[in-house]
Each structure stands twice: as C-alpha cells, then as structure tokens.
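A short worksheet on the structure shown next.
There are 2 protein chains.
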Amino acid sequence: MSRDMTRKPKRAKAETISFNGKRPTINDVARLARVSKKTVSRIINKSPFVKEKTRERVEALIKEIGYTPDPMARGLASKRSFLVGLIYDQPNPQYVIDMQQGILDVIRGSGFELLVHPCRRQAPDFLQNVRAFVERQKLAGVVLPPSVSEDDALVEILQEFGCPYVRIASVPLDEAEHSIVTHDAEGAQEAAEHLAGLGHTRIAHVSGPDTFRSAHERRAGFVKGLKAHKLKLERELDIKAAYTFQSGVDAGRRLMALSDPPTAIFCGNDEMAAGVCQAVREAGYEIGKHVSVVGFDDSPLASRLWPALTTVVLPIRLMGRMASTRLLGESLIHEPPQEETLGEVHPKLVVRGSTGAARA
Amino acid sequence: MSRDMTRKPKRAKAETISFNGKRPTINDVARLARVSKKTVSRIINKSPFVKEKTRERVEALIKEIGYTPDPMARGLASKRSFLVGLIYDQPNPQYVIDMQQGILDVIRGSGFELLVHPCRRQAPDFLQNVRAFVERQKLAGVVLPPSVSEDDALVEILQEFGCPYVRIASVPLDEAEHSIVTHDAEGAQEAAEHLAGLGHTRIAHVSGPDTFRSAHERRAGFVKGLKAHKLKLERELDIKAAYTFQSGVDAGRRLMALSDPPTAIFCGNDEMAAGVCQAVREAGYEIGKHVSVVGFDDSPLASRLWPALTTVVLPIRLMGRMASTRLLGESLIHEPPQEETLGEVHPKLVVRGSTGAARA
DNA sequence: GCGTCGTATGATACCGGTGTCAACGACACG
DNA sequence: CGTGTCGTTGACACCGGTATCATACGACGC
C-alpha cells in the first residue's frame, strides 16, 4: 500500500502552472506535496499547528506552481466571504473615492476585495436592502462612514448577522473597537479661532442639517472656539442649511442682506462655503477682503475656487486604511504602520486666500 | 457550569423563515416543494424546461420562505461569480461615482454586486495585478471606462479568461457588442461652434495628455468646429496640458502672456478650465467678459465656479447603466429601458456664465 | 401494438475549499 | 513499561449550489 512513486516533478516555471488545463487547486498542491488537503488548508490560513518544515515545503510548492485559493470555495465552506463592504450615503464624491482608496490600500494583496454599496438612508426600503446585502454576501467586514455610521438600526442588523463593522464618526458611537473618531469639533474650533485671531468679531455659521452628527459637532466646536475669544454666535448669524451648494447660496444671501452683515462666515462644508462665496460676491463684496469664508472637508472645490478656500481637512484615505485595518487585523499580509491601528484622527485647518484680516 | 449564553436573540422582524436556525437553502425548497434540487436550480436560472405548473408552485414557495440562492455556492459550482468589476484609472471622482451608481442602478436587485478596482495604468505591476483580479474573482463582467478602456493588453487578459467586458470610449475600439461610444468629438465641436458663434476668432485650446484618447478626440472635434466657421487653431494657441488643475493654470498663464492673447479658450476638461480661469483672472481679465472659457465634463466644479463654467456634459450614469446592461443582459430581473440597450451616447453643451460675446 | 421522440424531472457526482474528529508518534510521568 | 499529553496530520463529511446523464411519460408515426 505504501508504495510511493518517489518521482520529483521539478517545475522550473515561476508562472502559474496549468493542471489539466486549469489553474491548480488545493488538491494539486496536496498531491504534489504529499500532504493532505487539510494541511494545505492550514497553511493557507496560517494555522500555528503545522510543523515548520512542512510549512516551508508546501509554501515553496505553492509559490512554484502559483496556487491561489479560490475565494468562492473558501467562502462557501467557511461561511465568510473575502469581501469588505463600504456602505455609504455620501454626496461628496471625493470623500467616497478617498475612502475606497484607503480601504483598498490595506486589503489589496491580501485576497480581499471591496464591494461598494451606496444607499439613501431615508429610502423606505433602506434597512431591508442593507439586510439582504449583508446576509447574502457574508461580508468579512463593513465600513460605515458618516452618515450611515450614525444609524443604529443598521448596526443592529450587522450585529445580528455577526458581521464585523467599523463606524467612522465625529464622536465615539460605539465601543472603541468599532470606532474611528474624527473629532470634527476640534477642526471647527480651530476655524473659529483662526477667524477670531484675524480680528473678526461678527462671525456667522452656516451649518449642515440636523440629520448629520457632524453638523452638530462642527457647530459646537465652532461655538467653543468663539467662546475662547470671548465671542458668541449671534442668533441671526446662526443659519441652518443642508450641506448643499444651493443651500449655501441661500444662506449667504440671507446673511449679506442683514443690516449689519458678518465679516466672516464658517460653513459646515465646502459645498455650502462655495455657495456662500457666490452670494457674497453677488452682494458686491470681495471674498477674503470684505468677507472671510471658511469651509470644511478640503474638497477639490476648495483649492479651485478663487480665491482658494480656507478649510478644514480630514485624512479620509487614512481613515479608510484605519477602518479596514481594524476589520481585518491579522488576516492581512502586511503589518500596518502604527498610525493605522489607532482609532482617532484629528482635523487640520488649511489656510488659503478666502480668509483675511478684519478691516479696521 | 452555568450556560453563559449572553447572546440576545434580537429578531428584528425577520422576513426569511429560519430552517434549523439558518436561512433556507435550495435543499429546503426542494424538500418542501417535493421536487429535486435540480428543478429548483432550473427555476432559479430561468431554464425553459420546467412545466409552468411546477414553476409557479415552487416560485410561490420560494417567495413564501424568503429563499435566495447563495452567490458563493452558485459561483463555486458554475465557475462564474455574481460580481461586476469596475476597473478604472480616473482622477475625476464625480465620474467614478456616477459610473458606479449607473452600474448599480441596473444590477441592484438582480443578485449582482459591484467590485471596484482602481488602478494606475503606468504602474509596473498593473497588468499582473489586474490579471490576478479577474482570474480569481471570475467576474460576471467588467466595465472599462476611459482610460483603461484603451488598454489593449488589459482587454486581451479579459478575453483570455473569457471574462465579458464593455469598453467605454470616445470612439469605437472594439466590436459594437463590447463598446459604449461617447463621441467626445461632437461635444468639442459644439463648443467650438458656440464660441465662434459668439464672434470669437482668436480661440485657444488646452488639451489633455496624449495618453488619453479623449484628449485627441476633443481636440480633433474642436478643430473641426473651428473649421466649420472658417477658423483654424493657431499653433501658439494650441497647448498641451495634463488634465490637471495646475497644468491648466500654467497653460492659462502662457496664453495670457502672449502679445495677442486669445479671447476664448476651450479646455479638454473642467479641471484645466478651472486652472485657466484662475490664470486669466491673475492676468487681470474677467471671465466671460474679456475671455470666454469652456470646459468639458460638467464636474461639480463647473457649476460652483464663479462665473459658472460653460462646459460639455456626458451622461455618465446612463453610460454606466448601458455598460452593465450590455454585460448582464437577460440575467437581469427588470427589462431595461430601450435607451439603455443602445451603445452610443452624445455629449451636450451646457452654456453658463463663463462664455460671452466677443467684444467688438 | 411498438419503437421513437421531445419534454420534464431526478439521482448523483462534482466545484474547491473548511470543520470534525480520530490517529499517530514522541515524550514525560507515574 | 503502561499511560496520558501534546503537537501534527489525515480521512471524510459537508457547505449550497450546478452539470451530466438517466429515466419517466405522453404523443406520434407506422
């Protein structure tokens, strides 16, 4: 029975070798390495219960014949896919792209792929839709940027299916393990202090809608920054808008129509800031000279406007890397840099031409 | 030995009926319907060889117990996944987002999902990277927007693995079946005629890099439009740039530094147009009054600039829908609208404030 | 009445991995 | 020297579908 044909088929090619016209499977590896499938499986999955000697031998063979495990077969057997989901309800394209890129920075090369799932949180079938998504795909993990990160019902669904997740938000919403905190308030505070430091005293705020936690945080941070300079946010200078360009235009018009218009305006995002700039200009004032404007996000818009917009930047791509590092941890091939295992990031003010000293 | 099952069975209105604590499988359906797995499989896959009576009975049961097939198991057995890939090398976030959304418009609800794969075409491991991607994922199809659509080596890989693909490009690059043609030249021509029609005669062009087919097409269409008005593109007004904001600034500066600067500038994309606008302004001229500027893409930037940019718009999202409709065809649940089974789209000029009559 | 189809269905072997559990050798311990 | 333990390995069922091929059956031609 134990008669073994001790034939060593030395393969020279480093490319993927074809077995029977197809790419090699775990069976091919097992047969050639004279071990069982299970041992190969253990090696693929970095199980510690494999003798060093065996591991080396099999790994060499795997590399030689160019074997890579089939994600579907793995998924079927293990009831867990090699897909990371990004669920978002975000109107800011640059944000989404950066986030996607950040996630991919980390998962690329580890056999994982990124599944994108835009959605509209206010749609009636939103939860059902997401539920079907996570149930069927058995995701390895889900990244939740704002504002879906704030949706507790959504998170409950993820928990129900035992799906790992990371919530990215301006404040901690969950256990640290599940959170990336962006501290938007700090950035807003810095913006306020920047404006106050330039001598402005009549400073307005155009904020995002209540449905976004970030809108609240940015406003709160801004108020705090004012307070540090003994200023307060006047009621008539405190305008609620919608994070959209048009709502920014409207807000700007209202502000500039006041009998005593503000000399500086901090906006909850760049879109609104761009709208405000337009309204300010319409009213005959010059941005950065008569009226200073600050945005938030550092969207591409900010640097292309004229004058370029002073704004607050968050390291979105890094956040994406942090989130996926959180999710996959040891499953990854490369050790992530220290920075990317942390759970917090901090916004930073970028000063450009749209802000200037208050005129005496 | 107290059982510490601290898990809360939080059943949030589960639609699907649980079988043995798990979601139903094809076996459950077969058993309950008193048919074989294979018959259920036929029904799922819309095989015509099932008696109408049987089909109805089983479909009713499927709906009742909320069965949905497991994409992994299907994929493993059929050697084809239910994932659509989007491979792109695109710096324009809005383009990518729209394309993603368009693809999802079509595939959502049909059990397909979208896998995104950004890449850098000039990276040394680009092809190897893509090869591993398509080989391992066994994609149901791949959408190739510009500029990856122009990469023949990439397409060859897709063909090698029998992976369906659609190339989106300004001109037909492949059999009609594999192409979505955007006719960028038409849009550029329209832009040229718009400017000429406003009385401009000294019209410049700032074009994208040679590595983009669209750059060539847009320039060609522009020249054609000029010719229709008996104008030609002067050598000194024909500037090659890089599709980036900064390259637009540089190009604009060069143009405005000429002894006889142009009174109108058509740019290969909005990014460069924004840059040109900045340079024009620096030079002391007013956009839309002294110098008219036209862009291409209708990126968010275009409408937020001041004055808003006249530009050429392509229906990106529709293109995404067309591409995925091409790929999946009958596999889809909903019949796509007529428009989305076509293979061509046409750009359209959007006139805004950045263009105005030439001054006498 | 019988052989020949075409249609409708099922039995069973896969697809390429993972999970379970038993087997096995080596070694320490009693 | 028997026995338990640990580290390592393999046999085999199983995940949830699809593919192949056989089979049952009514209709049809002769």
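For the protein sequence lines, the chains are H and G, in the order given. Position 58 (the first sequence) corresponds to 1094 in my numbering; numbering is contiguous. Position 123 (the second sequence) corresponds to 1159 in my numbering; numbering is contiguous. Ideal Cβ placement from N, Cα and C applies to all residues, glycine included. Just so you know, these numbers come straight off a predicted model, no measurement behind them.
Measure how close the beta-carbons of G/Val-1242 and G/Val-1312 come, nearest whole angstrom, since I'm counting them as under 8 Å. 6 Å
Endpoints, alpha helix (DSSP H) assigned at G/Glu-1095: 1088-1101
Is the separation between the beta-carbon of G/Val-1386 and that of G/Val-1327 shorter than 7 Å? no
Is the number of C-beta pairs between the region 1322-1339 of chain G and the region 1294-1305 of chain G that are closer than 8 Å three or more? yes
Where G/Thr-1030 falls, given that 16 or more other Cβ within 10 Å makes a residue buried: For residue 1030 of chain G there is no data in the structure shown, the boundaries of chain G being 1037 and 1396.
Residues in its own chain within less than 8 Å of H/Arg-1388 by CB, not counting five upstream and five downstream? Ala-1338, Ser-1339, Pro-1343, Ala-1344, Leu-1345, Thr-1346, Thr-1347
Pick out the complete alpha helix (DSSP H) segments inside the region 1259-1323 of chain H, 4 residues or longer, and give them in chain order. 1281-1292, 1306-1318
Any Cβ of chain H within less than 7 Å of the Cβ of G/Leu-1180? no
Members of the region 1275-1290 of chain H that neighbour chain G once the beta carbon cut-off is set at 9 Å: Phe-1281
Classify G/Asp-1188: buried if its beta carbon has 16 or more other beta carbons within 10 angstroms, exposed otherwise. exposed
Going along the region 1140-1154 of chain H in order, which residues come within less than 7 Å of chain G, judged by CB to CB distance? Leu-1140, Glu-1149, Leu-1150, Leu-1151, Val-1152, Pro-1154
Just checking my contact of G/Tyr-1167 with G/Asp-1125 at CB under 8 Å: how many whole Å lie between their CB atoms? For the sequence presented, residue 1167 of chain G should be read as Arg rather than Tyr. Not a contact, Cβ separation roughly 16 Å.
H/Thr-1401 burial status per 10 Å Cβ neighbour count (16 or more: buried): An answer regarding residue 1401 of chain H cannot be provided, because it is not within the stretch 1037 to 1396 covered by chain H.
Consider the Cβ of G/Lys-1049: report whether some Cβ of chain H lies at a distance smaller than 7 Å. Here the model assigns G/Lys-1049 a pLDDT of 41, short of 50, so the residue's position is not dependable and the matter cannot be decided.
What's the C-alpha gap between H/Ala-1227 and H/Ala-1277? 19 Å
Checking contacts by CB at 7 Å: is H/Gly-1111 closer than that to chain G? yes
What's the call for G/Glu-1186, buried or exposed, on a 16-neighbour Cβ count within 10 Å? buried
Run down chain G in chain order and give the residues with a C-beta less than 7 Å from the C-beta of H/Ala-1310. Arg-1340
Could you give the DSSP three-state label for G/Arg-1203: helix, strand or coil? strand
What are the residues of the region 1113-1139 of chain H that lie near chain G, defined by any Cβ-Cβ distance shorter than 7 Å? Ser-1117, Pro-1129, Gln-1130, Val-1132, Ile-1133, Gln-1136, Gln-1137
Does the separation of the CB atoms of G/His-1153 and G/Ile-1133 fall below 7 Å? no
So, at 8 Å on beta carbons, what are the nonlocal neighbours of H/Pro-1336 in its own chain, with the 5 sequence-adjacent residues on each side left out? Gln-1130
Assuming contact is defined by CB atoms lying nearer than 7 Å, are H/Ile-1101 and H/Val-1120 in contact in what I supplied? no
Evaluate contact between the region 1355-1375 of chain G and the region 1354-1361 of chain H, counting only Cβ atoms and requiring at least three cross-stretch pairs below 8 Å. no
With 16 other Cβ atoms within 10 Å as the buried cut-off, status of G/Lys-1115: exposed
If we ignore side chains and look at the alpha-carbon of each, how far apart do H/Ala-1096 and H/Tyr-1103 end up? 10 Å
Contact with chain G by H/Gln-1158, beta-carbon distance below 7 Å: no
Counting only Cβ pairs nearer than 7 Å, list the residues of chain G close to H/Met-1108. Met-1108, Gly-1111, Leu-1112, Ser-1117
Straight-line CA distance for H/Ile-1062 to H/Ala-1109? 11 Å
Closer than 8 Å by beta-carbon distance: list the chain G residues that pair up with H/Leu-1337, in chain order. Pro-1336, Leu-1337, Arg-1340
Taking only beta-carbon atoms, is G/Gln-1195 less than 7 Å away from chain H? no
Nearest CA to the CA of G/Arg-1249: which residue from G/Glu-1171, G/Leu-1262, G/Asp-1220, G/Gly-1261? G/Asp-1220
Does any residue of chain H have a CB that is nearer than 7 Å to the CB of G/Gln-1314? yes
For G/Thr-1104, which residues in chain H fall below 7 Å Cβ to Cβ? Arg-1172
G/Gly-1244 by DSSP, collapsed to three states: which one? coil
Selection of the region 1355-1381 of chain H by Cβ proximity to chain G, strictly under 7 Å: none
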